[in-house]
Every structure is written in structure tokens, then in C-alpha cells.
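Below: the structure, in C-alpha cells.
Residue numbers (the working numbering): 2 to 366.
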């Protein structure tokens, strides 16, 4: 079997790489196991925000949000499992103006609220006297499993071919990948390849780069709420939350476990993580909300040595997107679009040279 462009993986990165190629008129084949409940994307918490620490990543998140809207053109966002909720960061009051101005300098409209205003707006939250919040309106939340299913369908509608198959490995040549070997022995060859396998990249392709894999937990709670809740980050106590449905919230703290094998990433969070998360809720929510655990899950997060993603050419005809460190929904669409444009010989809308695989030497076998 042969295709002009072959994308390995159909999570958020692979799906947007394939979408970009199809949008630009290219032929594209996407290969993925498409196993329900596996992969970083369906096991994420579903937050898509521009409230990131690095300015270059804020710009990537802005472009990613534009791409979600582009993909939903002619549809309601809800058909993709997406909602436009905006996003609030709760922080110490002395940091509000500086943080707001940083986002505004990047073209993002923000509002600054003092503690009194936040208490009136969100009566279920505990807001301390020296706190306030910065809000922006372009941010999204999603139900990840519903979203990735809808995304794959739309990518297919745009002309991409989706092949449900196990990737056993790849055969490398001097100019990159020669062919992809499937579990049933079938060989898939192409003119160009984009590897978007997340933490499975090294195991499947042999590409070597300094990275670690984390097993990251998330939780869903039902709360007894008096009012509405925003999607928000608690910068003071280090947690993040998004409203789901029927008085439920999804999120947690920034805790994780180191793992060697990405297949170990899918389990129920341990008691240690649940206990810590309940402490975070107690600090930020009023006692009357009475959190009731509905479910918890874990998924893989891949981090490079310098904590920046990898996006670009590996060798010759082969490109990759990896190391999104749990920010795949925010960074993946924009980085994958840029890599796909590079592979097609076109100028990407965002300069991603800082994320080149070459900064780690020669990762290809």
C-alpha cells in the first residue's frame, strides 16, 4: 500500500497533521490502532487555554484555538465536544496587572477582577483577601473522548484515509523512513512521513531523544453548587478545573508518577493522588460543595529534556511532533499544522524552528 503522505498516529497531533495535508490538497493516509481509551488525547482533562507561562506557547495555543474553530466551520462547537467557556487564573493580587498585560501584548483581550468581584461572581469558591483573577474569553474546554472521535470523522470527511491497524515498526533508509510495517506484515510506503505517536514514538520507530514519560491523573467530581463555575487555574494552590456537566468538574493537581512503559499509563489514580486532590478542593472550594468522586483516570505525558516540544524534520522525508508535556490540546494542533506545512514544502503560519529535533543531535536511527 502506498500514499503520498503517511501520518503515524491519530491523536490530536496526528489528526491535525492529516487535516492540514488534506486542506492543502495533499493525499494522506493516517495509521492508528484507534483503541478506545488509549493515548494521551482521550485521557486528558479537556482544557484548552492560552494561560500558559511561555509567550511562544501562548501564541501556539491561540493558533490551535483558531484551528478548532476552522475545523468546526459550518458546525456547532458542541458537535465536536467543544465549548467556549473562557478561562480564569486565580493568583496573588500583586501579579494581576503584569500577567494581564503579558496576555494583552500578545493580542489577547483580558479582564482583571479583584477578590471582592470574584466572590460575587463565584459564590462556591473560597477567595482570599489578597487574591484576584485574570480572565480571557477565547479559551475552550472539551470532552476529550467525544472530541477525538468527532475530529477523526471530520478529518476523514476532508479526504484523509484512516487505517485502523497496529504499527509494528518502521524501516529506515538514508533519506528517512522507507516503509511502515503493520502488525499483519503489510508494508506502507510514502513520499513523506509524520510521526505523531506521542510517548510510543521511540518504541515504534526507534527514534531516540532525551525524554521521560509521566502517568498523569485527572478526576471528575460532583459538587453541590449554588452558582456557576469557570474553567480556571488555581495559581496559588497549583490546580486546574473545568466545568463538565450536571454540577460536575474535571481536573486535579499537578502530580504524576514516572513510568518506563507508556502502556502502564492507563489505570485508576492511587489513593495518594486522590487524597492530595481533595485537599486542593478543600482549599479553594467552600465546605458546602461536598465533593463526590465520580471517576478518576490516568494518561501518559511525555516531557523532553528541556521541557519544550519536538516539532520538525528528523531526517529527509520524515518529521515528528512529540514532547507536548500534557499540553497536547493546546500546542498540538498548531505544531502539527506547521510540521505538515513544512513537509509539503510550504511556509508554516508560525515559526517553529526552536522546536527542531536537531537540538538533540540526530534522533533518527
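Built from N, CA and C at the ideal position, the CB exists for glycine as well.
For residue i, does the three-state DSSP call read helix, strand or coil?
i, result
"residue 218", "strand"
"residue 50", "coil"
"residue 17", "helix"
"residue 274", "helix"
"residue 90", "strand"
"residue 2", "coil"
"residue 200", "helix"
"residue 190", "strand"
"residue 263", "helix"
"residue 281", "helix"
"residue 256", "coil"
"residue 334", "helix"
"residue 66", "helix"
"residue 165", "strand"
Between the Cα of residue i and those of the options, spot the shortest distance and give me the residue it belongs to.
i, options, result
"residue 131", "164, 189, 196, 118", "118"
"residue 299", "219, 223, 6", "219"
"residue 282", "124, 188, 238", "238"
"residue 120", "242, 225, 112, 134", "134"
"residue 137", "55, 228, 101", "101"
"residue 177", "194, 185, 170", "194"
"residue 179", "2, 361, 310", "2"
"residue 146", "345, 44, 159", "44"
Can you give me the start and stop residues for the alpha helix (DSSP H) that residue i sits inside?
i, result
"residue 157", "145 to 158"
"residue 140", "Per DSSP, residue 140 belongs to no alpha helix (DSSP H) and is neither H nor E."
"residue 347", "That residue, residue 347, is in no alpha helix (DSSP H); it is neither H nor E in DSSP."
"residue 234", "That residue, residue 234, is in no alpha helix (DSSP H); its beta strand (DSSP E) goes 233 to 235."
"residue 75", "Neither: residue 75 is in no alpha helix (DSSP H) and is coded neither H nor E."
"residue 120", "116 to 122"
Pull up the distance between the alpha-carbon of residue i and that of residue j, whole angstroms please.
i, j, result
"residue 259", "residue 75", "42 Å"
"residue 222", "residue 255", "17 Å"
"residue 155", "residue 95", "45 Å"
"residue 143", "residue 78", "9 Å"
"residue 183", "residue 317", "22 Å"
"residue 287", "residue 114", "20 Å"
"residue 349", "residue 279", "43 Å"
"residue 364", "residue 207", "9 Å"
"residue 243", "residue 97", "21 Å"
"residue 46", "residue 210", "26 Å"
"residue 358", "residue 313", "6 Å"
"residue 247", "residue 127", "21 Å"
"residue 30", "residue 42", "20 Å"
Between which two residues does the beta strand (DSSP E) harbouring residue i extend?
i, result
"residue 100", "Run containing residue 100: none in the beta strand (DSSP E); it sits in the alpha helix (DSSP H), 97 to 106."
"residue 241", "240 to 244"
"residue 424", "Residue 424 is absent from the structure shown; the chain starts at 2 and stops at 366."
"residue 227", "Note, residue 227: premise wrong, no beta strand (DSSP E); not H, not E."
Original post:
Should the region 146 to 164 be called in touch with the region 75 to 87, which here means at least 3 C-beta pairs below 8 Å?
Top reply: yes
Original post:
At a cut of 8 Å, does the region 327 to 340 reach the region 9 to 26 through at least three beta carbon pairs?
Top reply: yes
Original post:
At a cut of 8 Å, does the region 199 to 215 reach the region 312 to 332 through at least three beta carbon pairs?
Top reply: yes
Original post:
Does the region 178 to 195 come close enough to the region 161 to 168 to have 3 or more Cβ pairs within less than 8 Å?
Top reply: yes
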